[in-house]
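Some notes on the structure that comes next.
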Amino acid sequence: MKTRFSSIIDSETMDLEDLLNVAQQELALATATSHHINIPEELVCSLQELICRLSQSMQSVPEAPANPSDIVSVTSNNSPSSE
């Protein structure tokens, strides 16, 4: 999963639709897999938050480029901390 996200974020021409598509695929995989093995709830919640933020970003300003690193950073900073 990290490799897929990294390849999109590191590319010069970042496409938020591609990032959203990958996040949705990874969420579907994590959700389906969680019925058989232990998938951390934080992972599922983080993917859901990322999808929500990407969708909002794409709807609010469809023409303006967004910095994907900012979106990912905000999402990971809002994840519940494991203490």
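Residue numbers (the UniProt record's numbering): 1 to 83.
Every residue gets a Cβ at the ideal spot worked out from N, C-alpha and C, and that includes glycine.
As the structure is a prediction and not an experimental result, all values here were calculated from the model.
- In the structure shown, ASN21 adopts helical secondary structure according to DSSP, grouped into three states.
- LEU47 counts as buried, since at least 16 other C-beta atoms from the protein chains shown sit within 10 angstroms of its C-beta.
- In terms of Cβ geometry, GLU41 and MET1 do not form a close pair [threshold 8 angstroms].
- With a cutoff of 8 angstroms on beta-carbon distance, LEU19 and ALA30 are scored as not near each other.
- The C-alpha of ARG4 is placed about 10 angstroms away from the C-alpha of ASP10.
- Residue state for ILE51 is assigned as helix, using DSSP reduced to three classes.
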